[in-house]
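Notes for the one structure printed next.
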Amino acid sequence: MTRLRGHAAFVTGAARGIGGSIAARLAAEGAAVVVADVDEEAGRQAAEKIATGGATAVAAALDVRDAEAVAAAMTEASARFGKLDILVNNAGVFRDRRLEEMSDSDWDTVLDIDLRGYFVCCRAALPHLRASGWGRIVNISSRAYLGNPGQVNYSAAKAGVIGLTRALSMELGRDGITVNAVAPGMIDTPLVRSHAKADEVIARAVASTPLRRIGTPEDVAAAVAFLVSDDAAYITGDVIHVTGGRYG
Ligand code: NAP
8 MTRLRGHAAF
18 VTGAARGIGG
28 SIAARLAAEG
38 AAVVVADVDE
48 EAGRQAAEKI
58 ATGGATAVAA
68 ALDVRDAEAV
78 AAAMTEASAR
88 FGKLDILVNN
98 AGVFRDRRLE
108 EMSDSDWDTV
118 LDIDLRGYFV
128 CCRAALPHLR
138 ASGWGRIVNI
148 SSRAYLGNPG
158 QVNYSAAKAG
168 VIGLTRALSM
178 ELGRDGITVN
188 AVAPGMIDTP
198 LVRSHAKADE
208 VIARAVASTP
218 LRRIGTPEDV
228 AAAVAFLVSD
238 DAAYITGDVI
248 HVTGGRYG
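If you're matching positions, the sequence shown starts at 8 in the working numbering and goes up one per residue.
Take a look at the structure:
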């Protein structure tokens, strides 16, 4: 497929997991891709793997909380590819605890990366998207925006991402830039596998999912590829749920 030929995408948290699959999918559809991740070595390897398949990918080592580093990486990518017209905000973490055990640091870390980091990247990408006269922002939220016990910080951040998405879509529509969110359910990634009770948590999710499996990173990447393509030209401010039908 060549739906994205001529476009250049910046994907955060793209060294592995969902972001890794999104970067690979956008590259496979013809976009030049920046694999942006805090893990320098893993990001470099992911970009190399994509490029080995004949697509265009480069790595950028950065923390999405660092506005200067983000702006510099986007300016460099724009110069290298002649444009930067797609941003996928995906880098995220969780620090799950019940409220009474949640520290200030648990709250701040999750809000800082999973919400403020998205704001930082949107603001830095805007001049590049505007200069292209066509732009796409996709924000990876989570089904948890509807609420999950043990995740008041994560649920608040992911609900904030939906608010950010809707408000920004209203600001940027006139510039030819769409802004949408994808809310995945449980997806099989290193983040989920790192959970102390991963097997138990996954089994519970499968049992309450109408499609009777957890998702794959490729399931999410397919939704993102649609939203950044011209096939989704008249969709903005929306949320696609990639949950196998599970909402509770
Ligand atoms: P993952 O496997 O942990 O991958 C996330 C990547 O982002 C990692 O490479 C991580 O690096 C990087 N990262 C973390 N903090 C960063 C920062 N401050 N700046 C730049 N990069 C950073 O996670 P995932 O499961 O693929 O999740 C990706 C996104 O999907 C997250 O926003 C998550 O909330 C969302 N999501 C996931 C699921 C799920 O079930 N997996 C469900 C719904 C939504 P390090 O590993 O070195 O920290």
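C-beta: ideal position from N, C-alpha, C; glycine also.
Exercise. In this structure, does DSSP put Asn187 in helix, strand or coil?
Worked result: Shown here, Asn187 sits in a strand according to DSSP, grouped into three states.
Problem set entry | Residue span of the alpha helix (DSSP H) that contains Val199, given as start and end | Note, Val199: alpha helix (DSSP H), Pro197 to Arg200.
Problem set entry | Proximity below 8 angstroms, CB of Val41 to CB of Ile29 | No Cβ-Cβ contact shorter than 8 angstroms links Val41 with Ile29.
Exercise. What is the DSSP secondary structure of Arg143, reduced to helix, strand or coil?
Worked result: Strand at Arg143.
Problem set entry | Start and end residues, alpha helix (DSSP H) containing Asn97 | Element bounds for Asn97: n/a, residue is neither H nor E.
Exercise. Using CA coordinates, which residue listed in Arg137, Asp111 and Arg105 is at the minimum distance from Lys90?
Worked result: The shortest Cα separation from Lys90 among Arg137, Asp111 and Arg105 belongs to Arg137.
Exercise. Is any heavy atom of the ligand NAP found at a distance shorter than 7 angstroms from the C-beta of Ala22?
Worked result: Yes, the ligand NAP has a heavy atom inside 7 angstroms of this Cβ.
For this session: Say yes only if the C-beta of Ala98 is nearer than 7 angstroms to one or more non-hydrogen atoms of the ligand NAP, and no if none qualify.
Result: Yes.
Problem set entry | Proximity test, Asp44 beta-carbon vs the ligand NAP heavy atom, cut-off 7 angstroms | Set against 7 angstroms, the gap from the CB of Asp44 to the closest heavy atom of the ligand NAP is smaller.
For this session: With a threshold of 16 other CB atoms inside 10 Å of the CB of Pro197, please say whether the residue is buried or exposed.
Result: Pro197 should be labelled exposed.
For this session: Pair every Cβ in the region 216 to 229 with every Cβ in the region 168 to 175, then say whether three or more of these pairs are closer than 8 angstroms.
Result: Touching, no.
Problem set entry | Other residues of its chain near Ile242: CB distance less than 8 angstroms, five sequence neighbours each side excluded | Around Ile242, the same chain offers Thr185, Asn187 and Leu234 as residues with beta carbons nearer than 8 angstroms, after the five sequence neighbours per side are excluded.
Exercise. Under three-state DSSP, which class holds Phe101?
Worked result: In this structure, Phe101 counts as coil in the three-state DSSP scheme.
Problem set entry | C-alpha gap between Val189 and Ser148, whole angstroms | Roughly 6 angstroms separates the two Cα atoms.
Problem set entry | Burial state of Ala84 (16 or more Cβ within 10 Å) | Ala84 is buried by the Cβ-count criterion.
Problem set entry | Contact under 8 angstroms by Cβ, Ala66 with Ala54 | For the 8 angstroms CB-CB criterion, Ala66 and Ala54 form a contact.
Exercise. Hey, is the region 109 to 126 in contact with the region 160 to 167, meaning 3+ C-beta pairs nearer than 8 angstroms?
Worked result: Judged by Cβ distances under 8 angstroms, the region 109 to 126 makes contact with the region 160 to 167, as three or more pairs qualify.
For this session: Confirm the yes/no value for this check: CB of Asp72, any heavy atom of the ligand NAP, distance under 7 angstroms.
Result: In the sequence as displayed, the identity of residue 72 is Arg instead of Asp. Checking the Cβ of Arg72 against the ligand NAP gives yes.
Exercise. Name the DSSP bridge partner or partners of Gly26?
Worked result: Bridge partners of Gly26: none, in fact.
Exercise. Sorted by chain position, which residues of the same chain lie with C-beta nearer than 6 angstroms to His14's C-beta, five sequence neighbours on each side aside?
Worked result: Excluding sequence positions up to five before and after His14, its CB lies within less than 6 angstroms of the CB of Ala38, Asp92 and Ile93, all in the same chain and listed in chain order.
For this session: Helix, strand or coil for Asp44, going by three-state DSSP, please let me know.
Result: In the three-state DSSP reduction, Asp44 falls in the strand class (E or B).
For this session: Give me whichever residues DSSP pairs with Gly222 in a beta bridge.
Result: Answer is Ile194.
For this session: Taking only the alpha-carbon atoms, compute the straight-line gap between Gly142 and Gly183 and give it to the nearest angstrom.
Result: Looking at the two C-alpha atoms, the distance is approximately 6 angstroms.
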